[in-house]
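**Q** Quick one: this structure, given as C-alpha cells, is what I'll be asking you about.
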Amino acid sequence: MLNKCRIPDSFNVRKISMGVTIFAFCVMLTSCTQIPQGEFETYRSNFNTARTASEEILLTMKVRAEHIAQHPDNPDGPNVRQQKLEERIEALDARLRAWELITQYNDVLVRLASGSEPAAIENDLTSLGSNLSTFGLSSLTKLVEDVSPVFGIISQAVVMIDDFIKKEKFKEAVTAAQKPILGILDILREDSDDISEIEEQLIMLKQDDEYMELARLVNRLRSMANTYTQSKELDNLLSQHNKSIDQLKNEDRDIINALKILPTPSGNPVDANSIEFETMKILVDQIGERISSYNAFADQVETLNAVMKEYNVLLTATQSSFVILNTGVHEAQRVATITFLADTLNLRKAIIEYREAKQK
Amino acid sequence: MSKSTKKTSAYYKDAIRKLRLYLAVETDEENCEEAAAKIREYRFKIIDEAFDRIAKRTQRLTTLMYDLQAIIANASKTDTLSDAIGGLKNIVNETSVIVNPPDNNGDT
Chain A
1 MLNKCRIPDS FNVRKISMGV TIFAFCVMLT SCTQIPQGEF ETYRSNFNTA RTASEEILLT
61 MKVRAEHIAQ HPDNPDGPNV RQQKLEERIE ALDARLRAWE LITQYNDVLV RLASGSEPAA
121 IENDLTSLGS NLSTFGLSSL TKLVEDVSPV FGIISQAVVM IDDFIKKEKF KEAVTAAQKP
181 ILGILDILRE DSDDISEIEE QLIMLKQDDE YMELARLVNR LRSMANTYTQ SKELDNLLSQ
241 HNKSIDQLKN EDRDIINALK ILPTPSGNPV DANSIEFETM KILVDQIGER ISSYNAFADQ
301 VETLNAVMKE YNVLLTATQS SFVILNTGVH EAQRVATITF LADTLNLRKA IIEYREAKQK
Chain B
1001 MSKSTKKTSA YYKDAIRKLR LYLAVETDEE NCEEAAAKIR EYRFKIIDEA FDRIAKRTQR
1061 LTTLMYDLQA IIANASKTDT LSDAIGGLKN IVNETSVIVN PPDNNGDT
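Residue numbers (my numbering), protein chains in the order written: chain A, 1 to 360; chain B, 1001 to 1108.
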C-alpha cells in the first residue's frame, strides 16, 4: 500500500513557498485581528483585584448568613432558619463559581493571546521528516530531502497562520462574552447594595442596644430634671446634655430633638440637693459614653458604605475595561493588517533569500 | 434592588425610626422592651429581603454562566496548524514503529 503512494514530481520547494505566500496573503486580505495587549492587561488586572475583593466579601457574607441563622433574636423557627441558610449559602456559592468561571475564560484568552513558537514547529517538522524517511520509500525520502531545507520558512508561515487563527478566536471570544461577563458583573453590582444593607442592619442591631440604653438614661435624667426647680446649675447641666445629644451621628433630627431635655417642671418642684445634682452629673456622663459607643457603630456603617462604594467602582471598572478590550480588538484590525503585511513580506523575503542561496 | 422590596424595606426603616422616636420619650420598661423587640424583628425582615433579592438573581446568574461556559468550550477548541503538525508527527512516529519495528535481540 505504502509502495503505491506516489508523490507528484512537481511537488517541489518553489511550489511550497509560493503556496505558503499566497495563503498568507489570502489570510491577510480576509481580515486581521490584533490583540490590544494594554487593554487586555488592564482588564485582567482589574478583574484580579475585583475578584479578590469580591471573594472576600462573599466569604464574609457566608459567615454572616451562619451568624444570622444562629442569632438569638432571629424571629424564625429552626427549620425556616436552616432552609434560609441553605438558600443563602447556595446563592453565595453560585457567585464564587461565577468568579471561577470568568477566571477559566481569562485563562483561555491568555492561551489564545500567546503566540506559537516557530522552533517547536520546526522540531516537529524535522521529526516528521525523519520518520517519513524511515519508511524506505524513495518518493517519500526525496520529498523529505526537498522540503527539509525550508522547514524554517514553513514554521514561520505556520506561526503566522496559527497566530491569525488564535487572534480571530480571541476576538470572537471577547465579543461573544460581552453579554455574559457584563451581565455577571451587573448582578454582582446589584448584590453589593443588598450586601451593604445586610451588613448595615447587623451593625444597627448592635447600635440598637446602645440606643435603648441611651434612651433609658435620657428618660431617667429628664424625669429627675423635671422634679427640680429651675436653676443655673441645672440649666448648665442640661445644656451640656443637649450638646452631647447633638453629637449623635447620622441620627434623625426629630430623634435628636426628642432626646434633648427642655425642663418642664410639673407638680411642686423642689430644689435639688448636692447628691441629686451629682446623680444627674453621673447620668450626663453616662449618656456621653453611650453616645460615643453609638457613634462608633455609626462610624462602622460609614466605613462599610465607603468600602462598598469602592467595591462597586471596582466592578464597574472591570466592566468598562472588558468593553474597552472589545473595542480595542475591533479597532486594532487596521494596525494588525499592517503588522501582518510586514510579517508576510518578511516571510517572502526569507523565501527569496533561500532560493538565491540555493541557486549559488 | 427591586422596587417592591425596596418599598417594603423603606417601610420597615420608617417604622424603626418611629419606634426609636417613641423610645426617646417612653419611660415604661415593658413598652420599651416591646418596641425594642419590634425594631429587631424589622431589622431581620430587612435582612431577609436583602438575601431574597440576592437569591432571586441566582437564576439569571446561572443562565449567564451557561452562556459563558459555551463560549469557553468554543474558544478552547482551537485547531491550529502547529497542533495538526504535532498530531501528524505522532501518527507517523507510531506508523514508523509498526513499519520498522525495533530490533528485538531477546526474541527466542
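Yeah, the Cβ is synthetic: ideal placement off N, Cα and C, and Gly gets one too. None of the values given here were measured: they were computed from a predicted structure.
Quick check on the DSSP output: what are the complete alpha helix (DSSP H) runs of length 4 or more inside the region 61 to 147 of chain A, in order along the chain?
**A** Runs of the alpha helix (DSSP H) inside the region 61 to 147 of chain A: 78 to 113, 118 to 133, 138 to 147.
**Q** Leaving aside the five residues before and after A:K169 along the sequence, list all residues of the same chain whose C-beta is less than 8 angstroms from its C-beta, in chain order.
**A** Cβ neighbours of A:K169 beyond the five flanking positions: L112.
**Q** Could you tell me whether the Cβ of B:K1038 comes closer than 8 angstroms to any Cβ of chain A?
**A** Answer no: the Cβ-Cβ gap between B:K1038 and chain A never drops below 8 angstroms.
**Q** Note the first and the last residue of the continuous alpha helix (DSSP H) segment covering B:N1031.
**A** Note, B:N1031: alpha helix (DSSP H), 1029 to 1076.
**Q** Listed in chain order, which residues of the region 138 to 156 of chain A have Cβ atoms closer than 8 angstroms to some Cβ of chain B?
**A** Here the close residues number zero.
**Q** Out of curiosity, what's the CA-to-CA distance linking A:A98 and A:A258?
**A** When rounded, the distance between both Cα atoms is 49 angstroms.
**Q** Let me know the alpha helix (DSSP H) ranges lying completely inside the region 144 to 188 of chain A, each 4 residues or longer, listed in chain order.
**A** Correct list: 151 to 176.
**Q** Rounded to whole angstroms, what's the CA-CA distance from A:F120 to A:F164? Just pull it up for me.
**A** Contrary to the premise, residue 120 of chain A reads as Ala rather than Phe in this sequence. Rounded to the nearest angstrom, the two C-alpha atoms are 18 angstroms apart.
**Q** Rounded to whole angstroms, what is the Cα-Cα separation between A:N312 and B:R1060?
**A** Near 19 angstroms, if we compare the C-alpha coordinates of B:R1060 and A:N312.
**Q** Hey, quick one: how far does the alpha helix (DSSP H) through A:S321 stretch, first residue to last?
**A** 274 to 331 is the span of the alpha helix (DSSP H), which, as asked, contains A:S321.
**Q** Given a threshold of 16 other Cβ atoms within 10 Å of its Cβ, counted over all protein chains shown, does A:V218 qualify as buried or as exposed?
**A** So A:V218 counts as buried.
**Q** Quick one: is A:Q201 buried, meaning 16 or more other Cβ sit within 10 Å of its Cβ, or exposed?
**A** It is buried - the Cβ of A:Q201 has at least 16 other Cβ atoms within 10 Å.
**Q** Can you find a C-beta in chain A that's less than 8 angstroms from the C-beta of B:I1098?
**A** By this cut-off, B:I1098 is not an interface position.
**Q** Going along chain A in order, which residues have a C-beta closer than 9 angstroms to the C-beta of B:A1010?
**A** Here the premise fails: no neighbours, minimum Cβ distance about 11 angstroms.
**Q** If we define contact as Cβ-Cβ less than 8 angstroms, is A:Y311 a contact residue for chain D?
**A** Note that chain D does not occur in the displayed structure, where the protein chains are A and B.
**Q** Per the DSSP calculation, A:Y228 is bridged to which residue(s)?
**A** Paired residues: A:V270.
**Q** Out of curiosity, what's the CA-to-CA distance linking B:G1087 and A:S138?
**A** Roughly 24 angstroms between the two C-alpha positions.
**Q** Here's the rule: buried if 16 or more other CB atoms are within 10 angstroms of the residue's CB, otherwise exposed. What is A:G129?
**A** Label assigned to A:G129: buried.
**Q** Under 9 angstroms Cβ-Cβ, which residues of chain A neighbour B:A1075?
**A** Those within 9 angstroms of B:A1075 in chain A are Y105, V108, L109, R111, L112, K169, F170, E172, A173, A176, A177.
**Q** May I have the straight-line CA-CA distance separating A:T30 from A:K166, to the nearest angstrom?
**A** Model confidence at A:T30 stands at a pLDDT of 46, short of 50, so the residue's coordinates are unreliable and nothing is read from them.
**Q** Contact check, A:L140 vs A:S148 under 8 angstroms by CB: the rounded distance?
**A** So it is not a contact: roughly 12 angstroms between Cβ atoms.
**Q** So what's B:T1108 in DSSP terms, helix, strand or just coil?
**A** With a pLDDT of 40 at B:T1108, under the threshold of 50, the modelled position of this residue cannot be trusted; read the value that follows with caution. B:T1108: coil per DSSP, three-state reduction.
**Q** Do A:L221 and A:L283 come within 8 angstroms of each other at the CB atom, strictly closer than that value?
**A** Result yes, Cβ atoms of A:L283 and A:L221 sit closer than 8 angstroms.
**Q** Against chain A, does B:D1067 count as a neighbour if the rule is that its beta carbon must be under 8 angstroms from one of theirs?
**A** Output row for B:D1067: interface = yes.
**Q** Sorted by chain position, which residues of the same chain lie with C-beta nearer than 6 angstroms to A:M363's C-beta, five sequence neighbours on each side aside?
**A** This structure leaves residue 363 of chain A out entirely; chain A is present only between 1 and 360.
**Q** Measuring only the C-alpha atoms, how far is A:K234 from A:I256?
**A** Looking at the sequence provided, one finds Leu at residue 234 of chain A rather than Lys. Taking the straight line joining both Cα atoms gives about 20 angstroms.
**Q** With a threshold of 16 other CB atoms inside 10 Å of the CB of B:T1110, please say whether the residue is buried or exposed.
**A** Since the displayed chain B opens at 1001 and closes at 1108, residue 1110 of chain B lies outside it and no answer follows.
**Q** What number of angstroms, rounded off, separates the C-alpha of A:Q82 from the C-alpha of A:A306?
**A** Spanning the two alpha carbons is a distance of roughly 32 angstroms.
**Q** Is there a Cβ from chain B that is less than 8 angstroms from the Cβ of A:N79?
**A** For A:N79, the answer is no, since every Cβ of chain B falls outside 8 angstroms of its Cβ.
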